[in-house]
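Take the position in the sequence shown, starting the count at 1, then add 88; the result is the number in our numbering.
First comes the structure, then the notes that go with it.
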Amino acid sequence: MSTIDILKKELGLLTGEMNRCKNAKIKKQILNDIRLIQSAIQNLL
């Protein structure tokens, strides 16, 4: 499994977690993490 595959899998897990989360502060942190992973994927491409 490549680094990009791992990051994409993590991105999917975080997206699901954000959809289930009710706490706005935690949702904001998850969104921040999603943006960091998206940036990392772009840098690898």
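Glycine included, every Cβ here is placed at the ideal spot set by N, Cα and C.
- A straight line joining the alpha-carbon of D93 with that of I129 spans about 9 Å.
- With contacts defined by Cβ atoms closer than 7 Å, M106 and K115 form a contacting pair.
- Residues L102 of the same chain have their beta carbon placed closer than 7 Å to that of D121, with the five preceding and five following residues left out of the count.
- Inside the stretch 89–118, DSSP marks whole alpha helix (DSSP H) runs of 4 or more residues at positions 91–108, from first to last along the chain.
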